[in-house]
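Colleague: Residue numbers (full-length UniProt numbering): 1 to 235.
Each residue gets a CB set at the ideal place from its N, CA and C atoms; glycine is no exception.
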């Protein structure tokens, strides 16, 4: 009778998956038993040991003094305050908001053709350096440009700058002079400068800084292809 009660107790903790395996109702772990419940008893004892360790840990935590909450950075709301306010964060003070720095990026695409050829190198050297990109008839790209500005988030407008203003600057610097153009023939800048993507990034940077407030322009990133990307930060 005692043996039957033990087996009955075992099966209150397990669900028979098949004739060789049973699933633990506590942890969903599948245990092989092959008709012998010894492995099932061992698994139950492991749960018992884990439960004892958990209870001991809880007793120690209850006996130890409460820990001080970690210090919060300026502008952050302590957890206790969040709990007291129902989890609602209050708006930052005006002087805190004025010190917050944001990054704003606008993406612009344009198409252009060019030929990579340096006047200071021989034709043979140009072919070695630029390969098929030195083709006399040129080649084209569908460029993707990411223009990023960095600055303080205005406590009044909540913006680093007006996106419409950034769009207008991009239209003036990128779309009007570069889109659907032959860079080498239609853009005077590249008459004596090799129209690599690196130099295109420099060209865009030098002209964007003329239109934007000082120290606002952060980065020009140009995707020449999916695999070829150039980043320039005015350095």
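Three-state secondary structure (DSSP) at residue 15?
Modeller: Here residue 15 refers to the residue found at position 15 of the chain shown. Strand at residue 15.
Colleague: If I follow the unbroken beta strand (DSSP E) through residue 264, where does it start and stop?
Modeller: With the chain covering only 1 through 235, there is no way to say anything about residue 264.
Colleague: From which residue to which residue does the alpha helix (DSSP H) around residue 197 run?
Modeller: On the chain shown, position 197 is the one that residue 197 refers to. 197 to 211 is the extent of the alpha helix (DSSP H) around residue 197.
Colleague: State yes or no: is the C-beta of residue 166 nearer than 7 Å to some heavy atom of the ligand ATP?
Modeller: Among the components of this structure there are no ligands whatsoever, and the ligand ATP is therefore not found.
Colleague: In angstroms, rounded to a whole number, what distance separates the CA positions of residue 229 and residue 154?
Modeller: Position 229 of the chain shown, counted from the start, is the residue given in the question as residue 229. Position 154 of the chain shown, counted from the start, is the residue given in the question as residue 154. Looking at the two C-alpha atoms, the distance is approximately 32 Å.
Colleague: Give a yes or no on whether the C-beta atoms belonging to residue 101 and residue 151 are separated by under 8 Å.
Modeller: Here the question's residue 101 lines up with position 101 in the chain shown. Here the question's residue 151 lines up with position 151 in the chain shown. Going by C-beta atoms, residue 101 is nearer than 8 Å to residue 151.
Colleague: Per the contact definition of three or more C-beta pairs closer than 8 Å, is the region 154 to 167 in contact with the region 183 to 198?
Modeller: The region 183 to 198 is not in contact with the region 154 to 167.
Colleague: Could you name the residues of the same chain whose beta carbon sits closer than 6 Å to that of residue 179, not counting the 5 residues immediately before and after it, in chain order?
Modeller: Sequence index remark: in the chain shown, residue 179 carries index 179 (1-based). 110, listed in sequence order.
Colleague: In terms of residue numbering, what span does the alpha helix (DSSP H) encompassing residue 126 cover?
Modeller: The residue given as residue 126 occupies position 126 in the chain shown. Counting along the chain, the alpha helix (DSSP H) containing residue 126 begins and ends at 123 to 130.
Colleague: Is the beta carbon of residue 106 less than 8 Å from the beta carbon of residue 166?
Modeller: Counting from 1 along the chain shown, the entry for residue 106 is found at position 106. Counting from 1 along the chain shown, the entry for residue 166 is found at position 166. Yes, Cβ-Cβ distance for residue 106 and residue 166 is below 8 Å.
Colleague: Using three-state DSSP, classify residue 176 as helix, strand or coil.
Modeller: Within the chain shown, numbered from 1, the residue matching residue 176 stands at position 176. Looking at residue 176 - three-state DSSP - the assignment turns out to be helix.
Colleague: Using 8 Å for Cβ pairs, my map puts residue 169 next to residue 121. What's the rounded Cβ distance?
Modeller: Your numbering for residue 169 matches position 169 in the chain shown. Your numbering for residue 121 matches position 121 in the chain shown. So it is not a contact: roughly 35 Å between Cβ atoms.
Colleague: With DSSP run on the structure shown, which of helix, strand or coil describes residue 142?
Modeller: Indexing the chain shown from 1 puts residue 142 at position 142. Of the three classes helix, strand and coil, the one that applies to residue 142 here is strand, per DSSP.
Colleague: Residue 183 lies in the alpha helix (DSSP H); which residues open and close that run?
Modeller: Position 183 of the chain shown, counted from the first residue, corresponds to residue 183. Note, residue 183: alpha helix (DSSP H), 183 to 186.
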